[in-house]
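Q: Residues in the sequence shown are numbered consecutively from 2, following the numbering used here. What follows is a structure written as structure tokens; I'll ask about it next.
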Amino acid sequence: MNIVPAIAVGQAIKKLRIRKSSPGRSRIPQRGSVRKRLQSSQSFMSSGVDHDLEDLEMQVVRYKPEGLDVLCRKSKFTRKELQIMYRGFKQVECPTGIVNEETFKEIYAQFFPQGDSSAYAHYVFNTFDHDRNGSLSFEEFVMGLSVLSRGTLQERLQWAFNLYDINGDGFITKDEMTDIVSAIYEMMGRFSEPMIDENTAKEHVDRVFLKMDINRDGVITFDEFMETCRRDENITKGMAIFDTVL
Numbered sequence: 002m003n004i005v006p007a008i009a010v011g012q013a014i015k016k017l018r019i020r021k022s023s024p025g026r027s028r029i030p031q032r033g034s035v036r037k038r039l040q041s042s043q044s045f046m047s048s049g050v051d052h053d054l055e056d057l058e059m060q061v062v063r064y065k066p067e068g069l070d071v072l073c074r075k076s077k078f079t080r081k082e083l084q085i086m087y088r089g090f091k092q093v094e095c096p097t098g099i100v101n102e103e104t105f106k107e108i109y110a111q112f113f114p115q116g117d118s119s120a121y122a123h124y125v126f127n128t129f130d131h132d133r134n135g136s137l138s139f140e141e142f143v144m145g146l147s148v149l150s151r152g153t154l155q156e157r158l159q160w161a162f163n164l165y166d167i168n169g170d171g172f173i174t175k176d177e178m179t180d181i182v183s184a185i186y187e188m189m190g191r192f193s194e195p196m197i198d199e200n201t202a203k204e205h206v207d208r209v210f211l212k213m214d215i216n217r218d219g220v221i222t223f224d225e226f227m228e229t230c231r232r233d234e235n236i237t238k239g240m241a242i243f244d245t246v247l
């Protein structure tokens, strides 16, 4: 029982961390959007991170990241790792220091051309976007990656629970589980096993939901989710895959 395609998330967030823009590629801002550029902060300047502010084509709202020391305390990364991640973050389609949902979806699409990953990428994006403003700051990205790649089993399972708890009310309904499972099947496309059809997703959800809804009240609580996952060796092994992300 795979509650979350760990390799899919791991590959995508690793790609987001290290991908560089193609040389000479022009970037056209979306209509109606405000282009933001990253403002150098004293703490990052002193840490040796490159803060080249390229030619500004317009007045922009500048985004200022937290200092390295703060992120070191909040996350499970070293100062050096954060420096490397920050450079990569700026070079990934987001020299402004902000990743929007469309960019996030484009990165997922590169890994799953055989299917449609947009729905699943949307749900993953929401677990990272804590302030729900439609974009990921460097801090949000670091904190999400910290949980997935360095977090305890409980922290990773909490992340997975939040993924399925789409409306954030603290419970997973069968409809929510169906939405996530369907998104996974759509993403995997013709390479999924068994072959995808509407009944396959429904049968999978029925089986997993019945197993997790221990008290049979029609919703899955975090405690029920944790208890079921801890008893399932496949889930535990699946979550461990995130250890290889960095």
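From the three backbone atoms N, C-alpha and C, an ideal C-beta is built for every residue, glycine too.
Going by DSSP, what residues sit across from SER147 in a beta bridge?
A: None; SER147 has no bridge partner.
Q: Specify whether the segment 69-78 and the segment 138-150 touch according to this definition: at least 3 beta carbon pairs, one from each stretch, less than 8 Å apart.
A: With a cut-off of 8 Å, the segment 138-150 and the segment 69-78 count as touching, because enough Cβ pairs lie within range.
Q: I'd like the list of long-range same chain contacts for GLU102, defined as Cβ closer than 7 Å, with 5 residues on each side in sequence excluded.
A: Result list for GLU102: HIS123, PHE126 and GLY135, in chain order.
Q: With 16 other CB atoms within 10 Å as the buried threshold, where does LEU211 fall?
A: Looking at its Cβ environment, which holds fewer than 16 other Cβ atoms inside 10 Å, LEU211 is exposed.
Q: Identify which residue in SER138, TYR186 and LEU158 has its Cα closest to the Cα of GLY116.
A: The residue with the shortest Cα to Cα distance from GLY116 is TYR186.
Q: Excluding five sequence neighbours on each side, which residues of the same chain lie with their C-beta closer than 7 Å to the C-beta of VAL206?
A: Cβ within range, chain order: LYS175, MET178, THR179 and VAL182.
Q: Excluding the 5 residues flanking GLY171 on each side, which residues of the same chain have their C-beta closer than 8 Å to its C-beta?
A: Only THR222 and PHE223 meet the Cβ criterion.
Q: Would you kindly report the start and end of the unbroken alpha helix (DSSP H) that includes ASN127?
A: Per DSSP, ASN127 belongs to the alpha helix (DSSP H) from 119-129.
Q: Under 8 Å between the Cβ atoms of ALA120 and ALA184?
A: Yes.
Q: With DSSP as the reference, identify every bridge partner of VAL100, one or two as the case may be.
A: VAL100 pairs with LEU137.
Q: So what does DSSP say about ILE236, is it helix, strand or coil?
A: In the structure shown, ILE236 sits in a helix (DSSP, three-state: H, G or I).
Q: What are the boundary residues of the alpha helix (DSSP H) that THR174 is part of?
A: Looking at the DSSP string, THR174 is not in any alpha helix (DSSP H), and its letter there is neither H nor E.
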